[in-house]
Each structure stands twice: as C-alpha cells, then as structure tokens.
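Protein chains in written order, with our numbering: chain A, 609 to 755; chain B, 609 to 755.
For glycine and all other residues, C-beta sits at the position ideal for the given N, C-alpha and C.
Structure record follows, encoded as structure tokens.
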DNA sequence: TTGTAATAGTTACTTTTGCAACCAACAAGG
DNA sequence: CCTTGTTGGTTGCAAAAGTAACTATTACAA
C-alpha cells in the first residue's frame, strides 16, 4: 500500500491538453492535408494572412508563437505552390511582405469554412457556458510559465 | 468591408488547444529531457508503468492513445537505458510484459513530483471551479470526432 | 492438417522537426 | 567611414515522427 496518494496522469493538465489537442485536430488536419497538401505550419500562415492581411514572417511568428525556421519553410512551400506572394520591402530590404494570391484566398476561404463547421461540431459537445469557460482557461494556460 | 463576420483563429478550439498544450508542456518537457534524456512518448510509458504497474505495450497504447511504433521505440530506449525490463509471456510468446526497474521507479517518482508541482503552478492560474470545468471539457473533447 | 486471418511487436523508408550556424541588410557609436 | 551588434530570413545536419510493410506467434475453421 502506498502511504501517499499518487499524482494521476488524468490530473496532469499538459497531458490532458495534449490529448484533447491531438484528437480534436485530427479531422481538420486531414482536410488541409488531403485537399491542399499542407502542414500545420502552412495552414497557420495561410490563416494569418487571410485573417489579418499582408504581413511579414516575423509578425506571423510573433502572433502564432512559431519559430522562424518553421515559418520560413512554410512560406517557401506556400510560395512555391502559389498560395502566397513575397515582396521585398523597399526601405528595409531584409524584410519581405507576404500576401495571399487569389488561389491562396480561395484555399483560405475553403478551409475557413471547414474549420468553422468543424469547430461548431466540437462546441456542440459543450454548453455555451462551458465553451466560454474553456476559452478563457485556455487563454490563461497558453501564456509562458515565467512572465 | 466584409459582408460576413469572419471566423477567427482565436475561436478555433483545435488551435487554442494546441497553443495551450504546447506552451504548458514546455517546462515539463525540459525537465524530463534534461534530467533523463527522454522524449514525450518515453515519459508517458514510464508514467503508465509507474502508475498502473506491469503491463504490455498494446495496453499502454490503448490507454495513452499512442501508435504502436511510437511505443515500440520508446520501450526500446527505456529498456536500453535500464528504466524498464521486458519479459516474454510464457503462454503467448508474442506478448511482452513491461515493468519498471528500480532506476525506472526512481525516475518515475522524481518526475512525478516535478509534474505535480508544475501542475499546481498551472492550476494556480485558475480558480478551483475553472479547473474542474476545464478537466471536464477536455475530457469531452479528447474523444474521437465520430463515435 | 492446412489455410486464412488476427495480434504483438519491429524495421525500413520518407517526411518533419529542432538547433545552431549562417548570410545579408540595417543601426548606432566612435 | 569602420566596428560591433541586431534583426530578418535561410540552410545543413541530426534527431524524431508517420506510414506501411514485415516477422513471429496464435486462433480458428474447413
């Protein structure tokens, strides 16, 4: 017999969060992979440009908390497949402005619809109140541990 | 102007879940990596054996929803580093029973403590009620979409 | 028996990632 | 101008993950 109550895996938030994140992402992942051959970093870049308009790689990285190498590769592949255009900033020639092409916009709109209805499906498992609580909790947990 | 309200990334549960999962896992990940050179699949196997005792790879896979190749590799590395032992079932020689060695138990206890205090740190960002709500919501979302 | 299918687990191959080093353009101080 | 540091972005290499195909063993039925 244990003298001490054990810490359970089912209580460990990072574990639970990962499980929920993984399984809840599966179906959507399949969609952007099958329809457009995209990876997670790629649809994220696509969505950022679709939602907020033209911006630089650094800015996407800051918003999405993605490392710049991931972005760099995602941008490369998206440009290669003509979902986005890259144009140098004339004042600071290190910088590139990224924007969706028509093809990119179409993909964005399509995936956006899929995401929306898929999200509705997920939310249907919870009450409105639960959804609100969940969002606010996730927001708090998404902040880095120190600071 | 858009005639239609846009679906936002901040409303998309799989996105939020992934963000929260990733950032909330970082610090713990660093611990098991730095102290024991483990990967995620490895500490998960370790914890399953530590919590529930001897079991087979298939059973761990079922409980943790991990693919068998992931488990196979995790088991291989854990055994190589003498955290676990593998013993063939005498009645069904396809099956292997996995169990922690003393070294494995020690690592488990150590990491278990870290996980517990780290979890407390995370939970401190939320009220008790929020934690309960969160757990129940995550549980509902961790179920596969169809069925 | 023998043939077919299921199950436990491993391996081979390809695609992704993670990290560090790197290049190019700018910035600021002397 | 020159040096030093910073920033935007890329690349090379090693580690890790995903997939499917594979071996070995058992189960079951003709």
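At a cut-off of 9 Å, the C-beta of residue 678 of chain B has no neighbouring C-beta in chain A.
Between residue 665 of chain A and residue 706 of chain A a beta carbon distance of about 7 Å is seen, short of the 8 Å cut, so the two are scored as contacting. Taking a contact to require three or more Cβ pairs closer than 8 Å, the segment 682 to 696 of chain B and the segment 719 to 731 of chain B do not qualify as touching. At least 9 Å separates the beta-carbon of residue 629 of chain B from that of residue 653 of chain B. CA-CA distance, residue 688 of chain A to residue 715 of chain A, rounds to 15 Å. Contact between the segment 642 to 652 of chain A and the segment 630 to 648 of chain B is not established, with fewer than three Cβ pairs separated by less than 8 Å. Per DSSP, residue 708 of chain B is one residue of the beta strand (DSSP E) stretching across 704 to 708.
Selection B/640, B/704, B/718 evaluated against residue 663 of chain B yields B/704 as nearest (Cα-Cα).
Taking residue 736 of chain A as the centre and dropping the five residues before and after it, the same chain places no C-beta closer than 7 Å to its C-beta. One finds 673, 749, 750, 751, 752, 753 in chain A with Cβ atoms closer than 9 Å to the Cβ of residue 631 of chain B, taken in chain order. The C-alpha of residue 651 of chain B is placed about 31 Å away from the C-alpha of residue 618 of chain B. Residue-level contact by beta carbon holds for residue 634 of chain B and chain A, with a gap shorter than 9 Å. Taking 9 Å as the cut-off between beta carbons, the residues of the segment 699 to 730 of chain A near chain B are 720, 721, 723, 724, 726, 727, 729, 730, in sequence order.
According to the DSSP assignment, residue 693 of chain A belongs to the beta strand (DSSP E) that extends over 692 to 696.
Closer than 9 Å to the CB of residue 665 of chain A there is not a single CB belonging to chain B. For residue 662 of chain A, no alpha helix (DSSP H) run applies, since DSSP gives it neither H nor E. By the CB criterion at 9 Å, residue 711 of chain A and residue 694 of chain A fall outside the cutoff. Where residue 637 of chain B is concerned, the enclosing alpha helix (DSSP H) starts and stops at 621 to 644. At a cut-off of 9 Å between beta-carbon atoms, residue 649 of chain B makes no contact with chain A. In terms of Cβ geometry, residue 744 of chain A and residue 738 of chain B form a close pair [threshold 9 Å].
Within a 10 Å sphere around the beta-carbon of residue 660 of chain A sit fewer than 16 other beta-carbons, which makes this residue exposed.
In this chain, residue 675 of chain A is not harboured by any alpha helix (DSSP H), its DSSP state being neither H nor E.
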